[in-house]
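S.K.:
Residue numbers (the working numbering), protein chains in the order written: chain A, 2 to 564; chain B, 2 to 564.
1. Under DSSP, the beta strand (DSSP E) around residue 317(A) begins and ends at which residues?
2. Is residue 337(B) near residue 277(B), with beta carbons less than 9 Å apart?
3. Whole alpha helix (DSSP H) runs in the region 381-464 of chain A with 4 or more residues, listed along the chain?
4. In chain A, what lies closer than 9 Å to residue 401(B) by C-beta?
5. In angstroms, rounded to a whole number, what distance separates the CA positions of residue 203(A) and residue 302(A)?
6. Return the bridge partner residues of residue 110(B) from the DSSP annotation.
7. Enumerated in chain order, which unbroken segments of the beta strand (DSSP E) with a length of 3 residues or greater are wholly contained in the region 466-504 of chain B?
8. So what does DSSP say about residue 178(B), is it helix, strand or coil?
9. Distance check for residue 110(A) and residue 125(A), CA to CA, integer angstroms please.
10. If you measure from the beta carbon of residue 128(A) to each beta carbon in chain C, is any gap under 9 Å?
11. Using a Cβ-Cβ cutoff of 8 Å, what residues of the region 46-72 of chain A are near chain B? List them in chain order.
12. Residues in the region 214-234 of chain B with C-beta within 8 Å of chain A's C-beta atoms, listed in sequence order?
13. Drop a sphere of 10 angstroms on the beta-carbon of residue 3(A), count the other beta-carbons inside from all chains shown, and report buried for 16 or more, exposed for fewer.
14. By the DSSP assignment, the beta strand (DSSP E) with residue 291(B) in it spans what residues?
15. Assuming contact is defined by CB atoms lying nearer than 9 Å, are residue 279(B) and residue 482(B) in contact in what I supplied?
16. Show which residues of chain B have a CB atom less than 8 Å away from the CB atom of residue 558(A).
17. Can you list, in chain order, the stretches of the beta strand (DSSP E) that have 3 or more residues and sit fully within the region 137-200 of chain B?
18. Whole angstroms is fine: what's the gap from residue 233(B)'s alpha carbon to residue 168(B)'s?
19. Between residue 368(A) and chain B, is the shortest Cβ-Cβ distance under 9 Å, so that the two count as touching?
20. So is the beta-carbon of residue 197(A) under 8 Å away from any non-hydrogen atom of the ligand PLP?
21. Am I right that residue 150(B) and residue 217(B) are in contact with their C-beta atoms under 8 Å? What's the rounded C-beta distance?
22. Counting C-beta neighbours from all protein chains within 10 Å, is the total for residue 145(A) 16 or more, i.e. buried, or is it exposed?
23. Does any CB atom of chain B fall closer than 9 Å to the CB of residue 2(A)?
24. Give the DSSP bridge partners of residue 37(A), in chain order.
25. Compile a chain-ordered list of the residues in the region 423-440 of chain A whose CB is closer than 8 Å to at least one CB of chain B.
26. The alpha helix (DSSP H) with residue 282(B) in it runs from where to where?
27. Since residue 33(A) and residue 82(A) are thought to touch, with beta carbons under 8 Å apart, how far apart are those beta carbons, to the nearest angstrom?
28. So with CB distances below 8 Å, who are the chain A contacts of residue 349(B)?
29. Just how far apart, CA to CA, sit residue 131(B) and residue 58(B)?
30. With H, G and I counted as helix, E and B as strand and the rest as coil, what does DSSP make of residue 376(B)?
31. Ordered along the chain, which non-local residues of its own chain (more than five positions away) have a Cβ less than 8 Å from that of residue 559(A)?
32. Can at least three beta-carbon pairs, one atom from the region 165-185 of chain A and one from the region 257-276 of chain A, be found at a separation below 8 Å?
33. Relative to the C-alpha of residue 375(B), which candidate in 386(B), 416(B), 342(B), 480(B) has its C-alpha closest?
34. Whole angstroms are fine: how far does the CA of residue 315(B) sit from the CA of residue 532(B)?
35. Give the DSSP-derived three-state secondary structure of residue 525(B) in the structure shown.
36. Mind pulling the chain B residues with CB within less than 9 Å of residue 566(A)?
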C-alpha cells in the first residue's frame, strides 16, 4: 500500500443489509467493500424472541443490527484492503429514512430495555412502516387548512414515510412510550451518536423528512399543538433545533466504538444522511443541470439548483439538503420498481418460467430479452404507471394504473415492455415539469439496485427522454457517497476535500457504457408519449374520476366485508 | 323400447368434432349421444399428407371428416339407444359457417381430386379462416360506397368469416380453382347434399352469412361486378337463388347414405343450418321476448321478433333466419370466450398453477373459486372487453381492450373477475340496445361450451343484467336443435311437429339451476356499469381515438419490421 494515500470509510445502512466501502480519497477507488445482512431483517410479523404479533403494514428494525454491521464490516474492510489505520481520515454514515428511534437520554433505544421490549411502538420504525398512513393524511389536511407555507416545499403533501406522521402515530397509540422516550431520532443520526457520543441532527433528513428548512426552521409549535397539545414541545423536548450541515465533522470515534471497528479513537465522523441523497454526488451529480435518477422500488429524481422555484408536485425542496450551497429538489415516481415487481410476481404465465428454466436464465433476463425483440409501438399498447398512485407530479393518492390496447394477440412481453415504457413516460413528465419550472436538466445519471442493470429500460429511457443516459451500476453508490462526505468532513488539511463538488469530481465515476437515443425510436416514443399525456391529463386532472370513484367504492365494500 | 315413440337424429358438425344425438320427439329426451373428433382437425399448418404449408390465419377442413363422422356416429347412436330404424322419422344437420366448399357439379370437393389437392384454395375454408380479412374490409367499403341497403341488416359491416369475402379471396388468389369449381357451397348444405343427392341452400346461412334476404334476395349483380367483373354471375353460375326455409324436407336418405348409417333409405332429411342458430329453439327460445346467449369464443346474442327494427351495430337481422315467421336478430360480442382464454394462457402466474396442482383442481376452477371470494367492486377495477375489437354495438374493428384500476395489491383473481364483469357489461350494452330499439327482452337463456359451467360468470351476468339467468349446460344444444328441425321437417303426420315453436315447447328443456340477482350486487354493478359506459363512450365514440392511433402505428411498425 502507498502510505501517502488517504482513505475514508462509508457505510450505507440500507433496508435489508448494510454495505461498507473503504475508498481511496484521491480517486474514489474501492480498496475493499463488504456487505452485511441484518440478522433480524425487516421485522414485520412479530417482535424478536417475543410472542407479540405486528399489524399488517408494520416495518420495524433491530438497532443492534446496526452495531453488529459496524463490528463485522469495518474490521473486514481493513483486513481485506490491508490499509493502515493511520490512513483512515474519516468515517461517513448513510441510512434509510425517515426512521424513528425512541431512545433514553443516553441514546439507549427503548426496545432494548426490558421494560419496553414487548411493546411494538418502542421499536424503531423503518421508512416502509405504513402504520402512519392515516396520520400522514391528517397532517397534510391540517397543514393545508392552516395554510402552512412549508407545504409548498413538499408538493402539498406529507408522506406516511416521514418523521412526524410516525411521531403522531407513536403518541396517539402509545403515549406512555412517547413519554418514556427522552429522544426521538433518525437512524443515521443515532448511529453517528453511537460512534461519537455526540447527538446531532443532519440537515438532509430534517429537510426532506421532518419539514425543516434553513430559513423557516421546523413548523411552528401551534402546528404541533393542533396535532395534539401534548406534542406542542416535541422539538425542544425530544429533538434538536440545531441542525448539522452535511460534510461536517460531528465528533471523533470514541474508545468504545474504535474497539468495535479495530480502529483508533479520534477518527473524525461526518454528519450522517439519508442514503438515497448520499448517492447523488457519488453518481457525479454535484452541480446544477444534471438529474440523478435512482431506480428503487420508487424512482427518485434528484436535481440541484442555485435558484428557488416552486415545481408542481415535487416531494421535497431543501436548501443544502444534498450538496451545501445548492437547493436539492426531489421528485418521486411511486410506480417504478414496485410496478416491475408487481408484474414479475403476478402476471407472467407458467410457460415463461419453464422457458427460462430450460435456458438456465432468470425470468427477468427472459422477459428483458423477449421484450427487447419488440419495436417501440409494436404492441399497440400504452399504460399509466400509477400502480402505486402518483406522488410527482400529480401528488394524488387515489390514482390507479391503466393499460390500454389489449388484444387477443397481446403477449406478456408486450405488457412488460408497456409497463417499462410507462415508467419512463412518468420520468419524462417529471423531467419536463422541472424544465418548465425553470430548472434546466442536460444530463441524466441513473443509479440503483436491480433495474439499473435492465438495459432495455435504459434504452427506452434514452429514447423517451431524448437524452444520453449515463449510469452507475454499482450497488455501493450510497456507501461511496457517505465516504465522500467523510472526506469533506476531514477537510483538505487531512488529505480530504474542501467541498462536496471537489470530492465528487475526484471520487465519483460513471460506467463506460451509456445509452444513446436514436432518431427513429425517439419519434415513435414522442407519439406514444402524446397518448400517455392525453390519458394522464384525462384521468389525472379530473376529466374522468373513474379511478377515484372505484377506489372509494372499493373502500366501502371492504369496510362492509370486514365488519 | 316403446314402439310408439318417434325419434329424430341431429348432428352438429362443430369446429373440432361432430356431436350426434338420437332424440325422443315427444319429450326431447336423448336416447343416445355420440361425439366424433375429426381425424384431420382444423388444418392450419400444412395440407394433409402434402408438403404444402399454409399461411398464418388459414383454417381449412377435410370434407371426408364429415362423412367419417356420419359413418361413426349414427350406427353407434342406433346401437346404444336400441331404437328401431322404423322409429327414426327424420335427420337434421347443423354445421359451423360460413364455410366455403368448392366442388364439381356432382358435389365432389375439388380438394379430393388429384388435380387440385395440392392447392390450398381448393380446400374447404372454415369460418375461422382469416385469409379473407382484407376482402371483408374492402367489401364493407364497397357496399358502403354504393349505399347498399343490405348493409343495414348487418350493422354496416361485412365480417371476414362470411361467404363472399371467402369467394372473393378465392377468385383473386386462385382464379383457376374458382373457375374449376362448379359449385360453391356451405358445409351444412353440402352434407345434406351428400345424404340426399339434393343440392339446396339453407335460409339461415344465406341470410346471416351471404347477404341474402327474403325480400331483396342476394345483392345485385352490379355489386358483384364491382368486386370483379368475373364475379358478376357468381350466384347463378355457382350457387342457387332458390333458398330453402328451415324445417323443410330437402330430400330422403339415398341408398348409399343409408348404408353409411345402417339406416333405411327414404328417411327425410331436413334443411341444414348453422349450429349456433340451431341452438336457439333448443334452448327454449322460439318466441319473441327471450334472448339466447351462446357463450362461445365469441358471445352470440340471438333474439326473435315479429317486428322489423334497425338495431345499431347488430351483426345480422334475418326474416325466418332461425324460426320461420319471425325475424332473427343477432349481436356478436367479439370478446367473450376469447378474452377468458387469453387471460388463462397469458396472465396467470406460476404459483397459481402450483396451487391448483396441489389441490388437484383445474386452473379454471381455482381462478373461479378465488374470484368468487371477492365482492363486486372490491378490486377497484373496470375493463373494456374489446380484446377482439367490438362487433356489436360499435361495429369497430380498431378498438382494443383496456383495464383501469391496477394497484400493486392487484391480484390475478381480481383481473380475472374484472374481465368476466367486462364481458357481462358488454352483454348489457347489447341487451339495452335491443330494448332501446324496440325489441323487448324479458328472459336470458344461456348455452354454450365451457363458460356456461362458470357459475361466477352467470352470477355476475344475473346481477349486471338484473335478470334471472336460465341455462342449458348441455354441449348437445345445437345437435338437439337440428333434431328438432328434423321433427318439423317430418311433420305432424309422421309424429313430428307442425312448427318449430311446437317442437321447442316439447323437446327443449332448461337446467333446474338458475342464477338470480340480489339487490346489493345489482346496485354495485349499476355503479360499475356506469363507469364502463363512460369509458365505452369515451373510447368508442371517438372522444379519444388512442386505440385506433396505436393500432395504426402498430401496423406501420410491423410493416417496416417485416420488410
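Cβ coordinates follow ideal geometry from the N, Cα and C atoms, glycine included. All of these numbers come straight from a predicted model, not from anything done at the bench.
M.R.: The short version:
1. Under the DSSP assignment, residue 317(A) falls in the beta strand (DSSP E) whose first and last residues are 317-320.
2. No, Cβ-Cβ distance for residue 337(B) and residue 277(B) is not below 9 Å.
3. Segments of the alpha helix (DSSP H) lying fully in the region 381-464 of chain A: 413-437.
4. The answer, in chain order, is 381, 382, 405, 406, 407, 408, 411.
5. Looking at the two C-alpha atoms, the distance is approximately 21 Å.
6. Paired residue(s): 104(B).
7. Counting whole runs of 3 or more residues, the region 466-504 of chain B contains the beta strand (DSSP E) stretches 470-473.
8. Of the three classes helix, strand and coil, the one that applies to residue 178(B) here is helix, per DSSP.
9. Here the alpha carbons of residue 110(A) and residue 125(A) stand approximately 8 Å from one another.
10. Structure shown: chain C not included; protein chains present are A and B.
11. For the region 46-72 of chain A, the set of positions with a beta-carbon nearer than 8 Å to some beta-carbon of chain B is empty.
12. Only those residues of the region 214-234 of chain B whose C-beta falls short of 8 Å from the nearest C-beta of chain A would be listed, and there are none.
13. Note on residue 3(A): pLDDT 48, under 50, position unreliable in the model; the coordinate value appears next. Classification of residue 3(A): exposed, given that the 10 Å Cβ count is below 16.
14. Residues 291-296.
15. Yes. Within cutoff.
16. Result: 376, 377, 378, 379, 525.
17. Uninterrupted beta strand (DSSP E) stretches at least 3 residues long and entirely within the region 137-200 of chain B occur at 184-186, given in chain order.
18. About 12 Å.
19. Not an interface residue.
20. The ligand PLP is not part of this structure, which contains no ligands at all.
21. For residue 150(B) against residue 217(B), the beta-carbon gap comes to about 7 Å, under 8 Å, which counts as contact.
22. Around the Cβ of residue 145(A), a 10 Å sphere holds fewer than 16 other Cβ atoms; the residue is exposed.
23. Caution applies to residue 2(A), whose pLDDT of 42 falls short of 50 and renders its modelled position unreliable; the value that the coordinates give is listed next. It does not: the Cβ of residue 2(A) has no partner Cβ on chain B nearer than 9 Å.
24. Assignment of beta-bridge partners to residue 37(A) by DSSP yields 19(A).
25. Going along the region 423-440 of chain A in chain order, one finds no residue with a Cβ nearer than 8 Å to chain B.
26. Going by DSSP, residue 282(B) is part of the alpha helix (DSSP H) stretching over 276-283.
27. Confirmed, about 4 Å.
28. Against residue 349(B), the close residues of chain A are 350, 351, in the order they occur along the chain (beta-carbon pairs closer than 8 Å).
29. If you take the alpha carbons of residue 131(B) and residue 58(B), they lie about 5 Å apart.
30. Here residue 376(B) sits in coil by DSSP.
31. Closer than 8 Å at Cβ, skipping near neighbours: no residue.
32. With fewer than three CB-CB distances shorter than 8 Å, the region 165-185 of chain A does not count as touching the region 257-276 of chain A.
33. Closest by alpha carbon: 416(B).
34. Their backbone Cα atoms lie some 23 Å apart in a straight line.
35. Here residue 525(B) sits in helix by DSSP.
36. Summary: the structure shown does not reach residue 566(A), with chain A confined to residues 2 through 564, and so no result is reported for it.
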